[in-house]
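Chemist: Below you will find the structure I want to go over with you.
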């Protein structure tokens, strides 16, 4: 044990090892049945910014079966170098084969930054890889930036400390620096078909009998709502007091032609399904119109909706932070105000409808 | 006759995040007086273990890494029906990120296997309420070279004889039915089950129960460079309460709810929204 104490003191914390062999920003593209997840293209958009600052190439790794077209797409969306690992065994995502491919790639190509979508698959894969390497992994980031060379550090920020604050997380002593990033936060680049990038094929060397996990079936859930693409969202929070009140929100959403959203508090309380959740651990949205009803406005919620074009907040508490985000604020009893608004909207729309009828 | 399944459930005692407030004066967290609870996703993992135990018999060992007061959470799990409980506690473990945590929990589960018998299933919550990363489960699976099934919403079958487990994983775009071989690590979603209440005999047993306590001294092989702060590659460089973009909020007021509703709807109708959405065309 005395050996250990004699060891040279782990160099000054801030002094970083020589990482010059590690260069480039890698996005691991996620897909199902040949369709890419949007977050992958969004990450290429953000990855481009980081790569430009670091003056390194932006790399994309596409894994799957019959996914050569996605390798091409990755070029259209900004990747400078595209790598493709295509094999029958990779048709469905499974942790072992996919992590094997990524690990081999990382060892060989040594990117300094590796980013994944913070989806179930992205988190499953990134968690396995980071432990194997090993290296640091920051989950569910909402801001990604880099320090200019020479430090070249990834500044990975995410809501933290019970989601009341944001934290910037660094990984100084290990490479690559890894993060998962949430869908809907970053902007994809315009698709540019003139960006033709020849994909480099990556070998896959695992046989099916080495893989214990078998996907038996996939039942696609056509969610009744699509929050990320909704243009009008009527969202409710703790102030609703129960699942009953969400019916009232649904009425307003229906009248406006929108969908119902919710804060984590409402979802955790079991009043509404997770697929409605806006904010950290839910969806990030940027609709044209967002009603925040009975939502106090904790960071974990506002990170997911602050970029909405027009926000109307209704809350009993005049001091609720949500009012700092809203163009229009109503202080009062939501149980009375919401039905009144629904009524007004219905009236307006039916009059508008009549007017249209008589004009044409 | 085959031996009973041995299931390990990893839990974490966390501050109830709903109770944490920010001190507006200095933008720091007010942690005082915040109650501690068992991370509720972990309780769904425990519940699933208990269901398997009810159906086909199993031995359940609950483990946690944390400060000594985490004993309270272990006792809660015992009251619900866990057979054994292990608290891994040491100042040296403090400040661990997900990588260092998975290292210690991996070592702990190895020791649990030596002490209580070979492990077939490890349950974790899909993530913790305070860390919110979902990375420790996959980390443990990797450390122990287990198959990993994350985001599980239903356990369809556990077949001790064939060594197979079949589950449903709830992903963003649907439900994936997967089968794999044990030993396996499963991370639990809330949808997995409904957590039971502790029965009276369980509560009585828990009251007298003393968990096994292991410190670094109980792990002579432990690599000190891989634990606690030192073993944690990620560093929190800065925390802040995000700048609130100051918006000139227009307060919509009125004598009655009807008047307020009328005003806000009028306002909306003066924007380009009605046109864009065909509210009137």
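Residue numbers (our numbering), protein chains in the order written: chain A, 8 to 367; chain B, 153 to 433.
Idealized CB from N, CA, C, for every residue including glycine.
For residue 429 (chain B), name the three-state secondary structure that DSSP assigns.
Modeler: The count along the second chain starts at 1 and reaches residue 429 (chain B) at position 277. Reduced to three states, the DSSP call for residue 429 (chain B) is coil.
Chemist: With a CB to CB cut of under 7 Å and the five nearest residues on each side skipped, what residues in its chain are close to residue 367 (chain B)?
Modeler: On the second chain, position 215 is the one that residue 367 (chain B) refers to. So the qualifying residues of the chain are 241 and 242.
Chemist: Tell whether a beta-carbon distance below 9 Å holds between residue 328 (chain B) and residue 226 (chain A).
Modeler: Position 176 of the second chain, counted from the start, is the residue given in the question as residue 328 (chain B). Position 219 of the first chain, counted from the start, is the residue given in the question as residue 226 (chain A). A contact, by the Cβ cut-off of 9 Å.
Chemist: Against residue 245 (chain B), what residues of chain A qualify as contacts under a CB-to-CB distance less than 8 Å, listed in chain order?
Modeler: Working through the second chain from its first residue, we reach residue 245 (chain B) at position 93. Contact annotation for residue 245 (chain B) against chain A: no contact, minimum CB-CB distance about 17 Å [criterion: below 8 Å].
Chemist: Check each candidate in A:74, A:25 and A:348 and name the one with the smallest Cα separation from residue 262 (chain A).
Modeler: Stepping through the first chain from its first residue, residue 262 (chain A) is reached at position 255. Taking only the C-alpha atoms, the option nearest residue 262 (chain A) is A:348.
Chemist: Could you tell me which of B:413, B:393, B:391 and B:384 sits nearest to residue 248 (chain B), measuring between CA atoms?
Modeler: Residue 248 (chain B) sits at position 96 when you count from the first residue of the second chain. Residue B:384 is the option with its Cα nearest to residue 248 (chain B).
Chemist: Checking 9 Å against the spacing of the C-beta atoms, do residue 183 (chain A) and residue 119 (chain A) come in under that value?
Modeler: Position 176 of the first chain, counting from 1, holds the residue named residue 183 (chain A). Position 112 of the first chain, counting from 1, holds the residue named residue 119 (chain A). Yes; because the gap between Cβ atoms is below 9 Å, this pair is in contact.
Chemist: Closest by CA to residue 214 (chain B), which one among B:177, B:246, B:174 and B:165?
Modeler: Here residue 214 (chain B) refers to the residue found at position 62 when the second chain is read from its first residue. Comparing C-alpha distances from residue 214 (chain B) to each of B:177, B:246, B:174 and B:165 shows the shortest one belongs to B:165.
Chemist: Name the one or two DSSP bridge partners that residue 275 (chain B) has.
Modeler: Taking the first residue of the second chain as 1, we reach residue 275 (chain B) at position 123. Note: residue 275 (chain B) sits in a beta bridge opposite B:161 and B:338.
Chemist: Determine the contact status of residue 268 (chain B) and residue 201 (chain B), defining contact as a CB-CB distance below 9 Å.
Modeler: Residue mapping note: residue 268 (chain B) aligns to position 116 of the second chain, counting from 1. Residue mapping note: residue 201 (chain B) aligns to position 49 of the second chain, counting from 1. Cβ atoms of residue 268 (chain B) and residue 201 (chain B): not closer than 9 Å.
Chemist: Check whether the Cβ of residue 332 (chain A) lies closer than 9 Å to any Cβ atom in chain B.
Modeler: Residue numbering aside, residue 332 (chain A) sits at position 325 when the first chain is read from its first letter. Chain B contact via Cβ: present.
Chemist: Measure from the alpha carbon of residue 329 (chain A) to the alpha carbon of each residue in A:346, A:308 and A:110, then state which is nearest.
Modeler: Here the question's residue 329 (chain A) lines up with position 322 in the first chain. Cα-wise, what sits closest to residue 329 (chain A) is A:308.
Chemist: Just to confirm the assignment: which complete alpha helix (DSSP H) runs, minimum length 4, are found wholly within the stretch 292 to 373 of chain B?
Modeler: 352 to 360
Chemist: When DSSP labels each residue in this structure, what does residue 215 (chain B) get in the three-state scheme?
Modeler: One-based indexing of the second chain puts residue 215 (chain B) at position 63. Note: residue 215 (chain B) maps to strand in three-state DSSP.
Chemist: How would you write the range of the beta strand (DSSP E) that residue 253 (chain A) sits in, first residue to last?
Modeler: Start at 1 with the first residue of the first chain, and residue 253 (chain A) comes out as number 246. Residue 253 (chain A) -> not in any beta strand (DSSP E); alpha helix (DSSP H) instead, spanning 251 to 263.
Chemist: Since residue 186 (chain A) contacts residue 122 (chain A) with CB under 8 Å, what's their CB separation in whole angstroms?
Modeler: Numbered from 1 along the first chain, position 179 holds the residue referred to as residue 186 (chain A). Numbered from 1 along the first chain, position 115 holds the residue referred to as residue 122 (chain A). Their Cβ separation, rounded to whole angstroms, is 6 Å, which keeps residue 186 (chain A) and residue 122 (chain A) in contact under 8 Å.
Chemist: Tell me where the beta strand (DSSP E) around residue 188 (chain B) begins and ends.
Modeler: Position 36 of the second chain, counting from 1, holds the residue named residue 188 (chain B). Looking at the DSSP string, the run of the beta strand (DSSP E) that includes residue 188 (chain B) is 188 to 190.
Chemist: In terms of residues, what are the limits of the beta strand (DSSP E) holding residue 386 (chain B)?
Modeler: Mapped onto the second chain, residue 386 (chain B) falls at position 234. It spans 386 to 392 - the beta strand (DSSP E) in which residue 386 (chain B) sits, taken as one unbroken run.
Chemist: Specify, as a first and last residue, the run of the alpha helix (DSSP H) that residue 307 (chain A) falls within.
Modeler: Here residue 307 (chain A) is taken as the residue at index 300 of the first chain, counted from 1. Its alpha helix (DSSP H) spans residues 306 to 309.
Chemist: Kindly list, in the order they appear in chain B, the residues whose Cβ is closer than 8 Å to that of residue 225 (chain A).
Modeler: Here residue 225 (chain A) refers to the residue found at position 218 when the first chain is read from its first residue. In chain order: 326, 327, 328 and 329.
Chemist: Please look up how many angstroms separate the CB atoms of residue 72 (chain A) and residue 93 (chain A), rounded, as I've assumed it's under 8 Å.
Modeler: Here residue 72 (chain A) refers to the residue found at position 65 when the first chain is read from its first residue. Here residue 93 (chain A) refers to the residue found at position 86 when the first chain is read from its first residue. That pair is a contact at about 6 Å.
Chemist: How would you call residue 369 (chain B), buried or exposed, if buried means at least 16 neighbouring beta carbons within 10 angstroms?
Modeler: In the second chain, counting from the first residue as 1, residue 369 (chain B) sits at position 217. That one is exposed.
Chemist: Ignore the nearest five residues each way along the sequence and tell me which others in residue 152 (chain A)'s own chain have a CB closer than 6 Å to its CB.
Modeler: Numbered from its first residue, the first chain carries residue 152 (chain A) at position 145. Same-chain partners within the cutoff: 162.
Chemist: Bridge partners of residue 213 (chain A), per DSSP?
Modeler: Counting from 1 along the first chain, the entry for residue 213 (chain A) is found at position 206. Answer by DSSP bridge pairing: none, since residue 213 (chain A) is not bridged.
Chemist: Could you work out which residues of chain B lie near residue 141 (chain A), taking near to mean beta carbons separated by less than 8 Å?
Modeler: Counted from its first residue, the first chain places residue 141 (chain A) at position 134. Neighbours of residue 141 (chain A) on chain B, chain order: 251 and 385.
Chemist: Tell me which residues share the same chain as residue 296 (chain A) and place their Cβ nearer than 6 Å to its Cβ, disregarding the 5 neighbours each side in the sequence.
Modeler: Along the first chain, read from residue 1 onward, the residue named residue 296 (chain A) stands at position 289. 239 and 317.
Chemist: Label residue 101 (chain A) either buried or exposed according to how many other C-beta atoms from any shown protein chain fall within 10 Å of its C-beta, with 16 as the threshold for buried.
Modeler: Within the first chain, residue 101 (chain A) is the residue found at index 94, counting from 1. Label assigned to residue 101 (chain A): buried.
Chemist: Starting from residue 59 (chain A) and walking both ways along the alpha helix (DSSP H), at which residues does that stretch end?
Modeler: Here residue 59 (chain A) corresponds to residue number 52 of the first chain, with the count starting at 1. It spans 45 to 61 - the alpha helix (DSSP H) in which residue 59 (chain A) sits, taken as one unbroken run.
Chemist: If you draw a straight line from the C-alpha of residue 351 (chain B) to the C-alpha of residue 211 (chain B), how long is it?
Modeler: Here residue 351 (chain B) refers to the residue found at position 199 of the second chain. Here residue 211 (chain B) refers to the residue found at position 59 of the second chain. For residue 351 (chain B) and residue 211 (chain B), the distance between alpha carbons rounds to 18 Å.
Chemist: Quick one: what's got a C-beta closer than 6 Å to residue 320 (chain B)'s C-beta in the same chain, skipping five residues either side?
Modeler: Position 168 of the second chain, counted from the first residue, corresponds to residue 320 (chain B). The answer, listed in chain order, is 305, 306, 327 and 329.
Chemist: Pull up the DSSP beta-bridge partners for residue 221 (chain A), would you.
Modeler: Walking along the first chain from the start, residue 221 (chain A) turns up at place 214. According to DSSP, residue 221 (chain A) bridges with B:331.
Chemist: Counting C-beta neighbours from all protein chains within 10 Å, is the total for residue 392 (chain B) 16 or more, i.e. buried, or is it exposed?
Modeler: Indexing the second chain from 1 puts residue 392 (chain B) at position 240. So residue 392 (chain B) counts as exposed.
Chemist: Could you please give the first and the last residue of the uninterrupted beta strand (DSSP E) stretch that includes residue 246 (chain A)?
Modeler: The residue you call residue 246 (chain A) lines up with position 239 of the first chain. Unbroken run through residue 246 (chain A): none, as it is neither H nor E.
Chemist: What is the DSSP secondary structure of residue 134 (chain A), reduced to helix, strand or coil?
Modeler: Mapped onto the first chain, residue 134 (chain A) falls at position 127. Looking at residue 134 (chain A) - three-state DSSP - the assignment turns out to be helix.
Chemist: Quick check: what's the CA-CA separation for residue 322 (chain B) versus residue 298 (chain B)?
Modeler: Looking up residue 322 (chain B) in the second chain gives position 170. Looking up residue 298 (chain B) in the second chain gives position 146. Rounded to the nearest angstrom, the two C-alpha atoms are 20 Å apart.
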